[in-house]
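Data block below; observations after.
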Amino acid sequence: MGQTITEKILAAHCGRKTVEPGEFIMANVDFCMGNDITAPIAIKELEKYGLGVWNREKIALVPSHYVPAKDIKSAEMVKVMREFARKHSITHFFEIGQSGIEHTLLPQKGLTVPGEIMIGADSHSCTYGGLGAFSTGVGSTDLAAVMATGQIWLKVPETLRFAYVGKRSGWVSAKDMILQAIGLVGFDGANYMAMEHTGPAIEALTVDSRLTLCNMAIEAGAKSGIVAPDATAIEYVKARSKKPWTVYASDPDAKVARTVEVDVAKLEPLVACHPLPDKVKPVRQMEGLRVDQVFIGSCTNGRLEDLRIAAAILKGRKVNPNLRCIVIPATPEVMKAALKEGLIEIFMDAGATVNTSTCGPCLGGHTGVLAEGEVCVSTSNRNFVGRMGSPKSEVYLVSPAVAAATAVQGHPAHPDDVAGPYETVMGGK
Numbered sequence: 244m245g246q247t248i249t250e251k252i253l254a255a256h257c258g259r260k261t262v263e264p265g266e267f268i269m270a271n272v273d274f275c276m277g278n279d280i281t282a283p284i285a286i287k288e289l290e291k292y293g294l295g296v297w298n299r300e301k302i303a304l305v306p307s308h309y310v311p312a313k314d315i316k317s318a319e320m321v322k323v324m325r326e327f328a329r330k331h332s333i334t335h336f337f338e339i340g341q342s343g344i345e346h347t348l349l350p351q352k353g354l355t356v357p358g359e360i361m362i363g364a365d366s367h368s369c370t371y372g373g374l375g376a377f378s379t380g381v382g383s384t385d386l387a388a389v390m391a392t393g394q395i396w397l398k399v400p401e402t403l404r405f406a407y408v409g410k411r412s413g414w415v416s417a418k419d420m421i422l423q424a425i426g427l428v429g430f431d432g433a434n435y436m437a438m439e440h441t442g443p444a445i446e447a448l449t450v451d452s453r454l455t456l457c458n459m460a461i462e463a464g465a466k467s468g469i470v471a472p473d474a475t476a477i478e479y480v481k482a483r484s485k486k487p488w489t490v491y492a493s494d495p496d497a498k499v500a501r502t503v504e505v506d507v508a509k510l511e512p513l514v515a516c517h518p519l520p521d522k523v524k525p526v527r528q529m530e531g532l533r534v535d536q537v538f539i540g541s542c543t544n545g546r547l548e549d550l551r552i553a554a555a556i557l558k559g560r561k562v563n564p565n566l567r568c569i570v571i572p573a574t575p576e577v578m579k580a581a582l583k584e585g586l587i588e589i590f591m592d593a594g595a596t597v598n599t600s601t602c603g604p605c606l607g608g609h610t611g612v613l614a615e616g617e618v619c620v621s622t623s624n625r626n627f628v629g630r631m632g633s634p635k636s637e638v639y640l641v642s643p644a645v646a647a648a649t650a651v652q653g654h655p656a657h658p659d660d661v662a663g664p665y666e667t668v669m670g671g672k
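So this is what it looks like as structure tokens:
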């Protein structure tokens, strides 16, 4: 019996030829990451026991959630990270102004590559599977153990395979593909599984779109998400990283728990309705919803290609006076590129506010927290009760195209009805 891509990576990292789902293994870690919420807790555990770090070059500390600091407590959390990084000469501490959202930053910096085990103390660390790595989120104490030893214990997950067939049309994006996948299996339908994304529709996606796809694996309860690396992924990595990598792919006879087919040719822009990411509906069924805020950003959809799509729809138009629109480029690199291309000017001319790179409003942290009774249409990944502020607010998840169209119309809107056909606006897929 063959092995899946996930099983091959895990076997290689525990010194074995094969592993089986359900087995517990001790695996060697290639890289780990903590942010300003999770890393300070891990650091305090290390210091409590007088422990150092296993490899100062294989740890990233990324202030991202409450930055720039919104209060004294958040400033102190980053201070803990900064002082620890100086004490242990951590290579990859990203100071404010060079940081941004970790799940966009680390691939851009070439710090995660195919075939690695990547551990992050953040639930959306599954994002890096878009480059063909086994990548998963852990708690702060597990991060402390990894930082000290370079190892982690894992249970080998079963694989839930998604086969994407057909060709995308119009404004359908990777965000719609993953929302549809979650809608098909449910928000707990992939509990502790590896979500493996395959098929011709995946091969047609950019790396940024593959990162979006894997980012929301946790919203189906999955341990990880992964796309086998191909020429597109290798080209992306070669341009950014000097690290060695290994390309793995699932064997044709590898055993999977089941295969779910998604026909993307039948998809249209979707909305995941409050309060769960599997409550998926076509956007035109949601046009009666009153909206108070639109958020374009986050580790799901704050990359340059996302901002280009949103700007193309907002160009020459105005944000509806009955709502506010917040745009947050995921990293300084994205911000600089968006400035150079004139995207930031388009957003500001439309009446949107553009903020520095931060997770901010996605977790109800700052720069966009919702009041009681307010409704937000967001390009982020999570819409649970109280996620972006008041427990009596509501969050609806969409693609950047739908978010921008909503900002113009004042209610969830199909981009066709605001800007026209995708091919006309963007010049083809």
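Count along the sequence shown from 1, then add 243; that gives the number in my numbering. We put the beta carbon where it would ideally sit given N, CA and C, even for glycine.
In three-state DSSP terms, what is residue i?
{"i": "Y491", "result": "coil"}
{"i": "P525", "result": "strand"}
{"i": "F336", "result": "strand"}
{"i": "E637", "result": "strand"}
{"i": "G691", "result": "Limits of the chain in this structure are 244 at one end and 672 at the other, which puts residue 691 out of reach."}
{"i": "A482", "result": "coil"}
{"i": "E511", "result": "coil"}
{"i": "L354", "result": "coil"}
{"i": "M676", "result": "This structure gives no information on residue 676, because the portion of the chain shown stretches from 244 to 672."}
{"i": "A497", "result": "strand"}
{"i": "E679", "result": "The chain is shown only over 244 to 672; residue 679 falls outside these bounds and no answer can be derived."}
{"i": "K575", "result": "Before going further, note that residue 575 is Pro rather than Lys in the sequence given. Helix, per DSSP."}
{"i": "D431", "result": "coil"}
{"i": "Y309", "result": "coil"}
Use the C-beta contact count for residue i: other C-beta atoms within 10 angstroms, 16 or more gives buried, fewer gives exposed.
{"i": "I315", "result": "exposed"}
{"i": "V296", "result": "buried"}
{"i": "E666", "result": "exposed"}
{"i": "G585", "result": "exposed"}
{"i": "R625", "result": "buried"}
{"i": "V638", "result": "buried"}
{"i": "S342", "result": "buried"}
{"i": "V565", "result": "Note on residue identity: the sequence assigns Asn, not Val, to residue 565. It is exposed - the Cβ of N565 has fewer than 16 other Cβ atoms within 10 Å."}
{"i": "L582", "result": "exposed"}
{"i": "R259", "result": "exposed"}
{"i": "T489", "result": "exposed"}
{"i": "T261", "result": "exposed"}
{"i": "Y292", "result": "exposed"}
{"i": "F267", "result": "exposed"}
{"i": "T610", "result": "buried"}
{"i": "G632", "result": "buried"}
I think residue i touches residue j, with their Cβ atoms under 8 Å apart; what is that distance to the nearest whole Å?
{"i": "T392", "j": "A500", "result": "Not quite, the Cβ-Cβ distance comes to about 31 Å (not below 8 Å), so this is no contact."}
{"i": "P655", "j": "V534", "result": "7 Å"}
{"i": "S383", "j": "C369", "result": "Not quite, the Cβ-Cβ distance comes to about 17 Å (not below 8 Å), so this is no contact."}
{"i": "F274", "j": "K313", "result": "Not confirmed; about 28 Å, so no contact."}
{"i": "M244", "j": "A364", "result": "At roughly 34 Å, the Cβ-Cβ gap does not stay under 8 Å, so M244 and A364 are not in contact."}
{"i": "A328", "j": "T355", "result": "Actually they are not in contact, since the Cβ atoms of A328 and T355 sit about 19 Å apart, beyond 8 Å."}
{"i": "A644", "j": "I556", "result": "6 Å"}
{"i": "N563", "j": "G653", "result": "4 Å"}
{"i": "S642", "j": "D419", "result": "6 Å"}
{"i": "S421", "j": "M361", "result": "It should be pointed out that residue 421 corresponds to Ile in this sequence rather than to Ser. At roughly 19 Å, the Cβ-Cβ gap does not stay under 8 Å, so I421 and M361 are not in contact."}
List the DSSP bridge partners of residue i.
{"i": "N271", "result": "Q394"}
{"i": "Q536", "result": "R567 and C619"}
{"i": "S378", "result": "M361"}
{"i": "M459", "result": "None, per the DSSP bridge assignment."}
{"i": "A406", "result": "T441 and E504"}
{"i": "M276", "result": "A303 and G363"}
{"i": "V597", "result": "V570"}
{"i": "L613", "result": "G632"}
{"i": "M436", "result": "E401"}
Does any C-beta atom of chain D lie closer than 8 Å to the C-beta of residue i?
{"i": "L547", "result": "The structure shown contains no chain D, having only a single protein chain."}
Does the beta-carbon distance from residue i to residue j come in below 8 Å?
{"i": "A285", "j": "A387", "result": "yes"}
{"i": "R411", "j": "V505", "result": "no"}
{"i": "G464", "j": "A406", "result": "no"}
{"i": "T455", "j": "F538", "result": "no"}
{"i": "H367", "j": "G380", "result": "yes"}
{"i": "A573", "j": "R546", "result": "yes"}
{"i": "H335", "j": "L304", "result": "yes"}
{"i": "G358", "j": "Y491", "result": "yes"}
{"i": "T502", "j": "R404", "result": "yes"}
{"i": "M324", "j": "D385", "result": "no"}
{"i": "G608", "j": "H346", "result": "no"}
{"i": "T249", "j": "S467", "result": "yes"}
{"i": "E511", "j": "V415", "result": "yes"}
{"i": "V526", "j": "H331", "result": "no"}
{"i": "Q394", "j": "A270", "result": "yes"}
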